[in-house]
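Protein chains in written order, with my numbering: chain X, 470 to 791; chain H, 8 to 342.
Built from N, CA and C at the ideal position, the CB exists for glycine as well.
Remember, predicted model here, so these are calculated numbers, not experimental data.
Have a look at the structure below, then the notes.
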Amino acid sequence: MTEQDQKIEALQDAVPTDPPHSQWKDVWDQFRKHKGALMGGSFLLLITLAVLIGEYVWTIDPQKLDIRNKDVRPIYTAIWNGDAKVQWAHPLGTDNLGRDALANLIVGGRTSMAVGWVAMILALSIGTTIGVLAGYFRRLDGPLMRFTDLVLSLPILPLLLVAVTLFREQLRATFGPETGMFILIVGVVGVTSWMQTARIVRSEILALKEREFIVAARSIGTTPGAIIRRHLLPNVISPIMVSATLGLAIAIITESALSFLGVGFPPDFPTWGKMLADAVPRMDQFPERVMLPGLAISLTVLSVNYLGDGLRDALDPRIRGR
Amino acid sequence: MLTFTIRRLILAVPTLLFISLVIFLLLELAPGDPMAQVPLTVPPEVKEKMREALGLGEPLHVRYWKWVVQFFWIEPQVMFDNMFGTTFAEGKQRILSWQTRSPVMDMVAQRLPQTLWVVGMSYIVGILIALPIGIYSAYRQYSVFDQSGTFITMIGFSIPPFFTGPLLIMVFAVQLGWFPSVYDTTHVVNDWDSFVVQLRQMIMPVMVLALQTTAQISRFMRASMLDNLNQDYVRTARAKGLPENIVVLVHVLRNSMIPVVTAIALGIPGIFGGAIITEVVFKVNGIGDQLLNALFANDLPSVQTLTFMIAVLIVVFNLIADVLYGVLDPRIRYD
């Protein structure tokens, strides 16, 4: 039977043979094919769960000093070094003050992830707002995009360093050392990483704006606000989701970089970046203290990047179904 | 081409002014008081005098204007004087550091070569590695080389420089002892042996920065090559009997370079951010290191000038990329 005949036969069916399925089922089917994205997504879920409920499973206080059990090596060191100081009570070892590494990794991870998520959401909302405004209202397009280009050429990391150092005292005094620092870091990371989202959203909106359904909506007198909310935003959700994964990765790395340079959270408040930075001076004796937080950051970011890669493929109708 | 370049140059001026204003206002709105470190026993009227001596007595716009004049007018004159032995800048007020009371730009001039040397080398090395990888993995899409290339670039994307730096030090400096862990900037290259020493100490910082660049650029290169390889003109070139390497390396490559040049230009701010971290890790005394020192010492004029210096470098490199863009794509030149 030729292809032509098949097509004609399909036309003769009274009802389609397959039940109709939604767009999101297609997306999920395509997403499932991408092994890396699936693994990345599950790993991200795992690590998020670990930092969220890990504290209740592994109940050692991360701040508890136990000077007798300081400098305990991770349990796996015993495989090649029988004399190493290892304990099952501290499977990933302790630091030079006897604080448990696993508990610190859990608490530090929660800070890093929280900063990453909130900063990403902030950057996305700024970027989407600017992108939609610039794409929809022609009068705003020039100024807003010129502004975006200007911000893109700012030296981001130096400015972040300056902002965090200079505003630290004030915010600490107002909101307390931890909350103040959280607000500050989330704020500066969010305010400096919205530009890519804005550009992508604008270009999508520009293309969508000329489509018939928007023209139809406008012709029946829908207000611009309603058009944006009901017709445009649902259609740009896929590029926004892709840039969300990128933004999450960037925010986690930036927070860790700030902590690494010593301008992050206060000393008794662990984050992955600061654990790494604190461990660098003695890394020839205790390489695991650099490796563990470093691996945690890298694996999280890697899984987020793979997730983004898979999402991009799954949400792009031109690739989907191939 | 010349008018295109000139137009780009003129456009850079408002960008630089905007950036200088952002930096100035950021420092101005910061709640920190430069007099906070002064002992409480110092009477308030003396403190007031000290503030004025630091140049803090004037209103906002006057100080901004003076800083802009100092940066754009007096400092270039000083540079000119140093080069040709003239005396244009004599007796004029330069930007002074609060830490050392010496001109900030003198210190920048001492430290900038180290930064540019390491950053520039790593960017060039990164691009030189990335382009062949990108071209070959696009040409043999979904081959083993392409798959492993994608995996490695993903890793390069994801591992931050403050992890790769210590990791490389741990493996190559501590365990294997091949390269020194600290970058010695006083080292002078005058013969073959000292050149080898310089090469060895540069390998690790350059590789840390280059890893990031390679990952980004090779992905852009691959995507852009893939877009072009299916075009009609490629089939035409093959049909008229051009050898395959000319089709790929001349026809396709030149067209695919256009978005890649944009990616290279957009990566420059990131590479300077990475440079700050690399300088801390390998103890290179470049301007990133100087910026951190000035920040922790609350030395605002230095911070202001250094941040702006980095911004100027970024704008200059973007400008070069823009001009290259015009060289590659004639349509943009005549726009």
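- Going by beta carbons, L103(H) and P308(H) fall inside the 8 Å limit.
- Looking at the backbone, the Cα of L174(H) and that of D747(X) are separated by about 14 Å.
- Nearest to K533(X) by C-alpha distance, out of Y545(X), A572(X) and F512(X), is A572(X).
- The Cβ-Cβ distance between L313(H) and I327(H) does not fall below 8 Å.
- Sequence-distant Cβ neighbours of T563(X) in its own chain, meaning closer than 8 Å and more than five residues away, are D535, N538, K539, D540, V541, D569 and A570.
- Following the DSSP letters along the chain, one finds K743(X) inside the alpha helix (DSSP H) bounded by residues W741 to A748.
- In the three-state reduction of the DSSP assignment, P110(H) falls in the strand class, which pools E and B.
- With respect to chain H, the C-beta atom of Y545(X) has no partner C-beta closer than 8 Å.
- Annotation: the segment 196-275 of chain H contains the following complete segments of the alpha helix (DSSP H) (minimum length 4 residues), in chain order: 199-236, 239-246 and 260-273.
- Per DSSP, the beta bridge partners of T563(X) are D569(X).
- Looking at the DSSP output, L103(H) shares a beta bridge with P110(H).
- The beta carbon of L507(X) is closer than 8 Å to those of F500, R501 and G779 in its chain, skipping five residues each way along the sequence.
- When C-beta distances to chain X are compared with 9 Å, every residue of the segment 203-232 of chain H stays at or above that value.
- At a cut-off of 8 Å, the C-beta of G763(X) has a neighbouring C-beta in chain H.
- With 16 or more neighbouring CB atoms inside 10 Å of its own CB, T723(X) falls in the buried class.
- About 4 Å separates the Cβ atoms of S165(H) and V770(X), confirming a contact at the 8 Å cut-off.
- Scanning the segment 637-666 of chain X from its first residue to its last, the whole alpha helix (DSSP H) runs of 4-plus residues come out as 646-660.
- Around the beta carbon of V76(H), fewer than 16 other beta carbons sit within 10 angstroms, so the residue counts as exposed.
- Cβ-Cβ distances below 6 Å link V288(H) to G172 in the same chain, with the five nearest sequence neighbours on each side left out; the list follows chain order.
- Three or more beta-carbon pairs drawn from the segment 111-128 of chain H and the segment 203-222 of chain H are found closer than 8 Å, and the two stretches are therefore classed as touching.
- Listed by position along chain X, the residues whose Cβ is nearer than 9 Å to that of M161(H) are G505, L771, N774, Y775 and D778.
- Using a Cβ-Cβ cut-off of 7 Å, S511(X) is close to nothing in chain H; its nearest Cβ partner there is about 16 Å away.
- Judged by their CB atoms, E638(X) and F734(X) are not nearer to each other than the 8 Å cut-off.
- Contacts with chain X at 8 Å (Cβ-Cβ) include A318(H).
- The shortest C-alpha to C-alpha distance from Q117(H) to any of G133(H), N292(H) and L34(H) is the one to N292(H).
- Under the three-state reduction of DSSP output, S672(X) falls in the helix class.
- Identification of residues in the segment 723-736 of chain X having a C-beta nearer than 7 Å to some C-beta of chain H yields S725, A726, F729 and L730, given in sequence order.
- Note on M8(H): under 16 other CB atoms within 10 angstroms of its CB, so exposed under the neighbour-count rule.
- Contact check for I674(X) against G600(X) passes: the beta carbons are separated by less than 8 Å.
- About 3 Å separates the Cβ atoms of L591(X) and G659(X), confirming a contact at the 8 Å cut-off.
- Residues of chain H with a Cβ closer than 7 Å to the Cβ of S672(X) do not exist, since the nearest Cβ in that chain sits about 14 Å away.
- Around the C-beta of H194(H), fewer than 16 other C-beta atoms lie within 10 Å, and the residue is accordingly described as exposed.
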